[in-house]
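Student:
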Amino acid sequence: MLDLQPLLCPRSIAVVGASTQPDKVGGVPVRLLAELGYAGPVYPVNPGAATVQGLRAYASVADIGAPVDLAIVAVPAPAAPDVMAQLGQAGTRAAVVFTSGFAEVSGGDALQHALASQARAHGVQLLGPNCLGAMNLRERMFATFSPIPLSGLPPVGDVGLVSQSGAFGAYAFALAREAGLGLSHWVTTGNEAGLQVADVIEWLADDPQTRVILAYMEGARDGLRLRRALAAARRAGKPVVIAKVGTTAAGASAAQSHTASLAGEDAVYQAVFDEYGVHRAHTLEAFFRLGYTLARGRRTAVWQAPSGMPADAVAPLAIVTVSGGVGIMMADSAESQGLPLPPMPDAAAQALRTAIPFASTANPIDVTGQVVAQPQVFVDALGSVARCGQYGAVAAFVAGAANAPRVWGPLQDAVTALHADPQAAPLLISGVMDDQKRAWLEARGCLVFREPAYTVEAVAALAKAAALEAAAGAPDDADGSPLAPVQVPAEASALSEAEAMALLADAGVPVVRHGVAGDADAAVRIAESIGFPVAVKLCSRHILHKSDVGGVVLNLQDAAAVRAAFARVQQAAAEARDAQGGPVPFEGVIVARMARGWGEIMVGVRRDPVFGLVALAGIGGTAVEIFRQMAFGLAPLSRPRARTMLEQSRAAALCTGHRGHPALDLDAVADVLVHVSRAAAAIGDRLDTLEINPFIVGPDGLVAADAVITLR
1 MLDLQPLLCP
11 RSIAVVGAST
21 QPDKVGGVPV
31 RLLAELGYAG
41 PVYPVNPGAA
51 TVQGLRAYAS
61 VADIGAPVDL
71 AIVAVPAPAA
81 PDVMAQLGQA
91 GTRAAVVFTS
101 GFAEVSGGDA
111 LQHALASQAR
121 AHGVQLLGPN
131 CLGAMNLRER
141 MFATFSPIPL
151 SGLPPVGDVG
161 LVSQSGAFGA
171 YAFALAREAG
181 LGLSHWVTTG
191 NEAGLQVADV
201 IEWLADDPQT
211 RVILAYMEGA
221 RDGLRLRRAL
231 AAARRAGKPV
241 VIAKVGTTAA
251 GASAAQSHTA
261 SLAGEDAVYQ
271 AVFDEYGVHR
281 AHTLEAFFRL
291 GYTLARGRRT
301 AVWQAPSGMP
311 ADAVAPLAIV
321 TVSGGVGIMM
331 ADSAESQGLP
341 LPPMPDAAAQ
351 ALRTAIPFAS
361 TANPIDVTGQ
371 VVAQPQVFVD
381 ALGSVARCGQ
391 YGAVAAFVAG
401 AANAPRVWGP
411 LQDAVTALHA
421 DPQAAPLLIS
431 GVMDDQKRAW
441 LEARGCLVFR
451 EPAYTVEAVA
461 ALAKAAALEA
471 AAGAPDDADG
481 SPLAPVQVPA
491 EASALSEAEA
501 MALLADAGVP
511 VVRHGVAGDA
521 DAAVRIAESI
531 GFPVAVKLCS
541 RHILHKSDVG
551 GVVLNLQDAA
561 AVRAAFARVQ
571 QAAAEARDAQ
581 GGPVPFEGVI
591 VARMARGWGE
601 IMVGVRRDPV
611 FGLVALAGIG
621 GTAVEIFRQM
631 AFGLAPLSRP
641 RARTMLEQSR
651 AAALCTGHRG
661 HPALDLDAVA
671 DVLVHVSRAA
681 AAIGDRLDTL
691 EINPFIVGPD
701 GLVAADAVIT
711 LR
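In UniProt numbering, the protein residues as written are 1 to 712.
#1: Distance, Cα to Cα, Thr455 vs Ala295?
#2: Would you give the residue range spanned by the alpha helix (DSSP H) that Gln376 belongs to?
#3: Determine, using beta carbons only, whether Ala425 and Val398 come nearer to each other than 8 Å.
#4: Determine the direct distance from the alpha carbon of Gly369 to that of Pro410, and round the result to whole angstroms.
#5: If you compare alpha carbons, which of Ala507, Ala520, Gly508, Ala502 is closest to His514?
#6: Just to confirm my understanding: we take Ala260, look at its own chain, exclude 5 residues before and 5 after, and list those with CB closer than 6 Å. What are they?
#7: With which residues is Val516 paired in a DSSP beta bridge?
#8: Provide the residue(s) that pair with Met135 in DSSP beta bridges, ordered along the chain.
#9: With three or more C-beta pairs closer than 8 Å as the rule, is the region 427-443 touching the region 204-217?
#10: Could I get the ranges of all uninterrupted alpha helix (DSSP H) runs contained in the region 537-599, with 4 residues as the minimum, in chain order?
#11: Would you give the residue range spanned by the beta strand (DSSP E) that Ser163 belongs to?
#12: Hey, residue 718 and Phe145 are a contact pair by Cβ (cut 8 Å); roughly how many whole angstroms apart?
#13: Below 8 Å between beta carbons: does that hold for Ser430 and Arg450?
#14: Got a sec, what are the start and stop residues for the alpha helix (DSSP H) Ser117 sits in?
#15: Relative to the C-alpha of Arg541, which residue among Arg577, Ala560, Ala561 is closest?
#16: Between the Cα of Gly17 and those of Pro10, Val30, Leu8, Pro6, spot the shortest distance and give me the residue it belongs to.
#17: Let me know if Val314 comes out buried or exposed under the rule of 16 or more other beta-carbons within 10 Å of its beta-carbon.
#18: Roughly how many angstroms separate the alpha carbons of Ala484 and Gly633, rounded to a whole number?
#19: State the CB to CB distance for the pair Glu600 and Gly620, rounded to an integer number of angstroms; the pair is presumed to be in contact (CB under 8 Å).
#20: Once you ignore the five residues that flank Leu137 on each side, which residues in its own chain have a CB closer than 6 Å to its CB?
#21: Mind the definition here: the region 664-673 touches the region 566-585 only if three or more C-beta pairs lie below 8 Å; say whether that holds.
#22: Quickly, what does DSSP pair Leu428 with across the bridge? List them, please.
#23: Could you check where the beta strand (DSSP E) with Tyr43 kicks off and where it finishes?
#24: Should Glu275 go down as buried or exposed, given a rule of 16 or more other Cβ atoms within 10 Å for buried?
#25: Taking one C-beta from the region 85-94 and one from the region 117-124 each time, how about it: are there three or more such pairs within less than 8 Å?
#26: Cβ atoms of Leu8 and Phe142: under 8 Å apart, would you say?
#27: Three Cβ pairs or more, each shorter than 8 Å: is that satisfied between the region 673-690 and the region 585-599?
#28: Do Pro129 and Ser100 count as a contact pair if the criterion is CB distance below 8 Å?
#29: With burial defined as no fewer than 16 other Cβ atoms inside 10 Å of the residue's Cβ, what is the status of Gly297: buried or exposed?
#30: Measure the C-alpha to C-alpha separation of Ser106 and Trp186 and round it to an integer number of angstroms.
#31: Comparing C-alpha positions only, which one of Gly160, Ala179, Arg177 sits nearest to Lys238?
#32: Counting pairs of beta carbons, one from the region 554-570 and one from the region 633-647, are three or more of them closer than 8 Å?
#33: Measure the C-alpha to C-alpha separation of Val302 and Ala467 and round it to an integer number of angstroms.
#34: Can you tell me the Cα-Cα spacing of Gly37 and Arg140, whole angstroms?
#35: Based on the DSSP secondary-structure assignment, which residues constitute the bridge partners of Ala617?
#36: Check whether chain B comes within 8 Å of Asp700, counting only Cβ atoms and requiring the distance to be less than that.
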């Protein structure tokens, strides 16, 4: 992990390019540090001034004559590399470079490379260039040229915020202040010539003053660094919320031009986020809503499941509402979030029905508009479900009833009692109320929303965070020891199907019975040994899509058909051309048993330019091009992740038993995906793609009927 202490907790700061005018880029940080209470020495560097905003100015960093932890650099882009060299020679440990005009503009790559090279050569941690800077709210450290802190600060808290975009970061700072969301640190990374968002996430994961991490990303250049950072946050039990933009072709293009980021395929990013339990936000509103939930909510929504339920089951939710229609809407949201809704315990249900005969004691629990006439019945229902031990959380919809004095008093009493009871389930409330009432509820542990569905979303987020916290410090999932590295032909750009099937079989992947024949007689012998019907396919490293050249003949029932198919495939090979237009050498044919089953699944691994090997799975055969219902995971896969991929892609539906077909052991099916991903990892850096399409789904599980492996 990189040491960001000099950057985020500096004992002294130099401002290179400091301005005497407090509203200039080089003047704002001097003003902020002076007016907002930074305790360490500040050294303005300006060779043309004796003083800067009341502070003694220095002609150069070397003239300071005292150690400098952090330098804020606000000089023209062409001068920045020389300034970085001077900082390094003076022993400065970190630098924030505000200046733009580097890789985000045409022709700026070389200048950015020179800046980064000087920083690396002298051991200076570089933030930027083209960034808005960084802040440490607790230390009153403001290394930014944004004047927004002058109009007010958010409370000091335990939420760390990091953004590739300066404008987003400034806006997020303002929204955090407006929402009263307590920040620990605020960092913008700009062009990331040095520090990346991932480095800041990893440091915040180790920071005792930070419990929740919010990040805005346009892309990642180094997928391994991001994975390492997210793994560190998972081990520390700290939830991470990421707003990842550039999910479409247009968005990805805009992201690249904005901060010279590489926005990869969104499905792969989502696989990375799923792997490490990241909370994904698709809007600014959701970004801060999740931050609010995770920072202020009690993460106790994972509950010890009773007998008959899986040990990792999420705690059921109780919905208590004054509107049946809103309750149904909340129930729909709960189902989509995977939160069970069991009915009220019998005793509590009987008490509610006695008080309000027309109330519903199913879940949602509908107290109806009678809440205004009988407020105590409503709050008694809240208390009974919160204390009964059968629910992980209680989501209440009060509409506008909290504004009625005869309801607000009993509600206050109930909330106060629940807040004092550590065994009570957390309470989340939605409805219309003034800021004073909302603040009162929040001070007593309630999360408060206007939108009822957000209470349900918050429960799901807290359940996810609680599971992460419970597993903090546990090693990463891994199924089986790594396979020994596999050697592949140095000159080959692909393996033949026979070579691919042999490699997979060695890795424990079930493959269809087959053999390789160099002549028709051998083909017949193989067919007779494995049993008809068979398929005859061209065996070649040069022709991967064999059916495109007429190199596949299926459902052969006897020896004569095999001989004819051999001649046909051999002729197809003679007429085919490789990718360079040259002749294709005849390497024989594959004779394979026709696998029988009731469905097809595709499983593959491909090399992503950012994250390395990524596995995918989904409905296979020709349908893969139609439905494109694929799920992704990082290779090599763990069994839980492989099983989740089967469920996400709906491929699991082929294995659960339907239309008279037997149900398969889904864990055993997932193990096949694990073996495929480990086989790909064993090939290592040489692998480009590995694809099995189709896996035949039959009574014995999955059987690979075809395989393609391409190499780099």
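C-beta atoms are modelled at their ideal positions from N, C-alpha and C, and glycine is treated no differently.
Tutor: The short version:
#1: 15 Å
#2: 375-387
#3: no
#4: 16 Å
#5: Ala502
#6: In this prediction, Ala260 scores a pLDDT of 37, lower than 50, which makes its location untrustworthy; no coordinate-derived value is stated.
#7: Ile590
#8: Phe142, Trp186
#9: no
#10: 559-575
#11: 156-163
#12: Because the chain spans 1 through 712 in this model, residue 718 falls outside it and cannot be assessed.
#13: yes
#14: 109-121
#15: Arg577
#16: Val30
#17: buried
#18: 22 Å
#19: 4 Å
#20: Val156, Leu183
#21: no
#22: Ala395, Leu447
#23: 42-45
#24: buried
#25: yes
#26: no
#27: no
#28: yes
#29: buried
#30: 29 Å
#31: Gly160
#32: no
#33: Note that Val302 has pLDDT 45, beneath the 50 cutoff, so the model's placement of it is unreliable and the number below is only indicative. Taking the straight line from one Cα to the other gives about 6 Å.
#34: 6 Å
#35: Val603, Ala631
#36: In summary, chain B is missing from the structure at hand, where a single protein chain is found.
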